[in-house]
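Structure record follows, encoded as structure tokens.
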Amino acid sequence: MKITLVAIAVFLALFIAYGTYKAPRLTGIIWWALVASVTSTAALIIITPGPVRDRLLWFGFFMPILWVLLQMWCYWETKHWRINTVLISLSLFSGAIITLADPVI
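In structure tokens:
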């Protein structure tokens, strides 16, 4: 079972890497904007003060808006590799915050 999951994960990673290389703007809009908005929202939920219920509610409303804003930015940006660089960097930075930050409860 674990080997199957690892094989699927490797296949998806290669598929996304190939898609990012061949069609960077499309992959940025479809995949990386979603990943960046989800990880950024999760990082904001972890580091902002206040009741957990309120943070989940407001950042839950904010996540789809951020996703659409990132997609619109992907269309307006003239350099297609800058799109993926910014979105992947935002995802990695947010992932580092999620991993290293102590949650505010």
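The sequence shown begins at 1 in the working numbering and counts up one residue at a time.
Ideal Cβ placement from N, Cα and C applies to all residues, glycine included.
None of these values were measured; they are calculated from a predicted model.
Expected contact under 8 angstroms - CB spacing of residue i and residue j to nearest Å
i: Ser91; j: Ala23; result: That pair is no contact at about 18 angstroms.
i: Gly28; j: Ile83; result: 4 angstroms
i: Leu70; j: Leu87; result: 7 angstroms
i: Pro107; j: Val104; result: For residue 107 there is no data in the structure shown, the boundaries of the chain being 1 and 105.
i: Trp67; j: Leu34; result: 6 angstroms
Residue i, buried or exposed, once every other Cβ within 10 Å from all chains shown has been counted against 16
i: Trp32; result: buried
i: Thr39; result: buried
i: Ser89; result: exposed
Residue i, enclosing alpha helix (DSSP H) - first and last residue
i: Thr20; result: 2–22
i: Pro64; result: 52–76
i: Ala36; result: 33–47
i: Ala96; result: 80–100
When the Cβ atoms of the stretch 37–45 are set against those of the stretch 56–75, are three or more pairs found closer than 8 angstroms? yes
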